[in-house]
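First comes the structure, then the notes that go with it.
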Amino acid sequence: MNDRTIGRAGFLGILGVGAVGLFLAKDATGLLDRAIPSSLSAVVPTSGWRIYTVGSSMPTYDPATYRLDVTGLVGSPVSYTLADLKAMPRAEQVSEFHCVTGWSVIGVRWAGVRIADLLAAAGAKSNVAALRFVSAESPYDDSLTLQQALLPDVMLAYEMDGEPISRPHGAPVRLVMPQMYGYKSVKWVNRIELGATVVPGYWEQNGYDADAWLGNSNGFSS
Amino acid sequence: MASLPEPALPDAPLTTPKPAARIKRFTVTERVLHWMHASAFLALLATGMILYLPALSTLISRRQLVRGVHLWVALAWAVALLVILVVGNRTRLAEDWREIETIDRDDRRWLRGRKAPQGRFNAGQKINALLTIAFALLFALSGFFLWLGERDHRFIFAGTGTVHDALTFVSIGLLVGHLYLALIHPSTRHALRGMTTGEVDEAWAQTHHAKWVEAERTSSLS
Chain A
1264 MNDRTIGRAG FLGILGVGAV GLFLAKDATG LLDRAIPSSL SAVVPTSGWR
1314 IYTVGSSMPT YDPATYRLDV TGLVGSPVSY TLADLKAMPR AEQVSEFHCV
1364 TGWSVIGVRW AGVRIADLLA AAGAKSNVAA LRFVSAESPY DDSLTLQQAL
1414 LPDVMLAYEM DGEPISRPHG APVRLVMPQM YGYKSVKWVN RIELGATVVP
1464 GYWEQNGYDA DAWLGNSNGF SS
Chain B
110 MASLPEPALP DAPLTTPKPA ARIKRFTVTE RVLHWMHASA FLALLATGMI
160 LYLPALSTLI SRRQLVRGVH LWVALAWAVA LLVILVVGNR TRLAEDWREI
210 ETIDRDDRRW LRGRKAPQGR FNAGQKINAL LTIAFALLFA LSGFFLWLGE
260 RDHRFIFAGT GTVHDALTFV SIGLLVGHLY LALIHPSTRH ALRGMTTGEV
310 DEAWAQTHHA KWVEAERTSS LS
């Protein structure tokens, strides 16, 4: 190796490692968690969560005035307070959260209401085939088919990791749909429209799949 | 009159000091390239931090707008780079590259902490430059796939985000070191003059870049 190739080899080596890393590197947030002092973990997303908001500001909610409206194919539109939701049968689960952009959070503890219990309480009509979850973060919305929404690990959650859901995570209630990429798990839900057909949501209008099964949609194949 | 010695005034110097000799270190092309890259990097770092850090992304929100600015700055950087490569002093840039990728015996001794005469770039500057160029290309490559992956999901790779993030962390370290040496450290901060005016004091260059000054003298004699 002469003097000149040492620098060039180093340069090309870094390029090569970086290019290979595109395909091989895994989400490194766990590594980051160990590498970064805990005082910084509030700043750098070491917990694994990243907060993506598309609206002009992150929604705030007032416990006194918050209502979840259930509209569409119901006997008559109903409106629930957070206390009303908490009075419904409580469900708990631990599930994974995978973002379509490549990061994941494992072992998230959720508590909330199963969609079946919510539909029963609201008096949903028998011809409901799709649910559209509308976020307080305009213009975000997304939909599930009834069949998808009734999967045993889907819930409208009001607690995460033992605490009331925080503002960045969708306070006071968010959808949790662990078997699909995170953009289906609408945050800051304040209205659920019951309909006969699936309405393309915010990200579907931006080219993402409506049936966002993990590893089997959006170009991923299992 | 002229032959008579002038009365020596106690406070006056015997000879008027010559203005410090200057030596040309960077051409306009090199300086434009440096400052173009620096400003693009800072703009990309600022918008990137808003996209990446939850504390900032929840404060600023408007993810699509911030992402748009980030993308357009990146595109402007690429166009500016091409323009500089086309209309700039390519002979000089090629010479820079040849010097930067040559890590000679003196450089290797210098890197081990020994005293060794350095060329126009010292070994640390060469490594910084090699890393900066390699990182710029990898930032562009991983950023391109982050962008393309959103449009065509076949191009979502496992490590794209991790590579882009890791480059950011290491680059911030390089930037902090670079700013310290260029602005604060007493014996090196004179180098900033070279990147603003293009010239440095010859005496300073003799101390820090002896081989370069020697080569300049030889070439100006021939």
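Protein chains in written order, with this note's numbering: chain A, 1264 to 1485; chain B, 110 to 331.
C-beta atoms are modelled at their ideal positions from N, C-alpha and C, and glycine is treated no differently.
No experiment lies behind these values; they were computed from the predicted model shown.
Starting from residue i, follow its DSSP beta bridges and name the residues at the other end.
i	result
THR1334 of chain A	A:GLU1456
SER1406 of chain A	A:ARG1395
GLY1375 of chain A	A:ALA1354 and A:ALA1420
PHE1360 of chain A	A:VAL1368
ASP216 of chain B	For ASP216 of chain B, which the question treats as bridged, DSSP gives no partner whatsoever.
TRP1476 of chain A	A:MET1443
ASP310 of chain B	B:ARG131
TYR1343 of chain A	A:LEU1331
ALA1412 of chain A	Bridge partners of ALA1412 of chain A: none, in fact.
ALA1387 of chain A	A:VAL1337
If you draw a straight line from the C-alpha of residue i to the C-alpha of residue j, how long is it?
i	j	result
GLN173 of chain B	VAL1317 of chain A	6 Å
SER296 of chain B	ALA155 of chain B	30 Å
GLU323 of chain B	ALA314 of chain B	10 Å
ASP1404 of chain A	VAL1449 of chain A	7 Å
VAL309 of chain B	ILE193 of chain B	23 Å
GLU311 of chain B	LYS133 of chain B	9 Å
THR90 of chain B	GLY307 of chain B	Limits of chain B in this structure are 110 at one end and 331 at the other, which puts residue 90 of chain B out of reach.
ASN1479 of chain A	GLU259 of chain B	16 Å
ILE1378 of chain A	ASP1416 of chain A	10 Å
ALA1434 of chain A	TYR1465 of chain A	19 Å
LEU1287 of chain A	GLY1365 of chain A	12 Å
SER1401 of chain A	ARG140 of chain B	45 Å
THR1334 of chain A	SER1342 of chain A	9 Å
SER1319 of chain A	ALA149 of chain B	25 Å
LEU330 of chain B	LYS320 of chain B	15 Å
GLY228 of chain B	THR167 of chain B	48 Å
THR1408 of chain A	PRO1431 of chain A	26 Å
PHE1274 of chain A	LEU240 of chain B	7 Å
VAL175 of chain B	ALA1385 of chain A	40 Å
ILE1428 of chain A	ASP1380 of chain A	20 Å
ALA111 of chain B	TRP144 of chain B	Its pLDDT being 49, under 50, ALA111 of chain B is placed unreliably by the model, and nothing is read from it.
VAL188 of chain B	ALA129 of chain B	39 Å
LEU292 of chain B	ALA1346 of chain A	58 Å
PRO334 of chain B	GLY1279 of chain A	Beyond the ends of chain B as shown, which are 110 and 331, falls residue 334 of chain B; an answer cannot be given.
THR138 of chain B	VAL1363 of chain A	42 Å
TYR1315 of chain A	GLU1426 of chain A	21 Å
Could you tell me which of the options sits nearest to residue i, measuring between CA atoms?
i	options	result
LEU246 of chain B	B:LYS133, B:THR277 and B:ALA300	B:THR277
SER1458 of chain A	A:ILE1428, A:PRO1402 and A:LYS1388	The amino acid occupying residue 1458 of chain A in the given sequence is Gly; Ser does not appear at that position. If we check each option's Cα against that of GLY1458 of chain A, A:LYS1388 comes out closest.
ARG1267 of chain A	B:TRP181, B:MET145 and B:ILE212	B:ILE212
LEU283 of chain B	B:LEU151, B:THR138 and B:MET304	B:LEU151
GLY1445 of chain A	A:ILE1269, A:GLY1270 and A:GLY1311	A:GLY1311
VAL195 of chain B	B:LEU165, B:TYR161, B:ILE169 and B:LEU142	B:LEU142
LEU1348 of chain A	A:VAL1337, A:ALA1383, A:GLY1335 and A:THR1364	A:ALA1383
SER1398 of chain A	A:VAL1436, A:ARG1313 and A:SER1429	A:VAL1436
ARG1313 of chain A	A:ILE1455, A:VAL1368, A:TRP1451 and A:SER1401	A:VAL1368
PRO1322 of chain A	A:ASP1332, A:ASN1453, A:VAL1462 and A:GLY1284	A:ASN1453
PHE248 of chain B	B:VAL279, B:ARG221 and B:ARG223	B:VAL279
GLY1281 of chain A	B:ARG221, B:LEU190, B:ALA147 and B:ALA275	B:ALA275
TRP256 of chain B	B:HIS273, B:THR305 and B:LEU240	B:HIS273
LEU153 of chain B	B:THR305, B:VAL188, B:VAL178 and B:ALA300	B:VAL178
THR1328 of chain A	A:GLY1482, A:THR1344 and A:ASN1481	A:THR1344
GLY270 of chain B	B:THR138, B:GLY157 and B:ALA130	B:GLY157
HIS317 of chain B	B:ARG326, B:ASP261, B:MET304 and B:LYS224	B:LYS224
LEU1477 of chain A	A:LEU1331, A:PHE1360, A:ASP1424 and A:GLY1425	A:PHE1360
LEU184 of chain B	B:HIS146, B:GLU210, B:LEU165 and B:GLY286	B:HIS146
MET1440 of chain A	A:PHE1483, A:GLN1356, A:GLU1467 and A:VAL1462	A:GLN1356
Which residues in chain C have a C-beta closer than 8 Å to the C-beta of residue i? List them in chain order.
i	result
ARG1313 of chain A	Protein chains A and B are contained in the structure displayed, whereas chain C is not.
### Message
Please give the ranges of any beta strand (DSSP E) in the region 1418-1468 of chain A, keeping only runs that are unbroken, at least 3 residues long and fully inside the region.
### Response
Those beta strand (DSSP E) runs which fall completely within the region 1418-1468 of chain A and span 3+ residues are 1418-1423, 1437-1439 and 1452-1458.
### Meets three-Cβ-pair contact criterion under 8 Å: the region 183-199 of chain B and the region 265-272 of chain B
Taking one beta carbon from each stretch, the region 183-199 of chain B and the region 265-272 of chain B have fewer than 3 pairs nearer than 8 Å; the two do not touch.
### Task
Could you tell me whether the region 1405-1418 of chain A touches the region 1382-1396 of chain A, using the rule of 3 or more Cβ pairs below 8 Å?
Remark: three or more beta-carbon pairs, one from each stretch, lie closer than 8 Å, so the region 1405-1418 of chain A and the region 1382-1396 of chain A are flagged as touching.
### Task
Report yes or no: do the region 1351-1359 of chain A and the region 203-218 of chain B share at least 3 C-beta pairs separated by less than 8 Å?
The region 1351-1359 of chain A, when compared against the region 203-218 of chain B, does not touch it at the 8 Å Cβ threshold.
### Query
Curious, which full-length alpha helix (DSSP H) runs of at least 4 residues does the region 253-303 of chain B contain?
Runs found: 269-288.
#### Entry: Sufficient close CB pairs (3 or more, under 8 Å) joining the region 1420-1428 of chain A to the region 1362-1375 of chain A
Taking one beta carbon from each stretch, the region 1420-1428 of chain A and the region 1362-1375 of chain A have 3 or more pairs nearer than 8 Å; the two touch.
### Message
Taking contact to mean 3 or more Cβ pairs, one atom from each stretch, closer than 8 Å, check whether the region 1465-1476 of chain A and the region 1434-1444 of chain A are in contact.
### Response
Judged by Cβ distances under 8 Å, the region 1465-1476 of chain A makes contact with the region 1434-1444 of chain A, as three or more pairs qualify.
### At least three beta-carbon pairs within less than 8 Å, the region 229-241 of chain B to the region 213-220 of chain B
The region 229-241 of chain B is in contact with the region 213-220 of chain B.
### Query
If you scan the region 126-194 of chain B from start to end, which runs of the alpha helix (DSSP H) of 4 or more residues do you find wholly inside it?
The region 126-194 of chain B contains, as complete alpha helix (DSSP H) runs of 4+ residues, the segments 137-161 and 163-169 (chain order).
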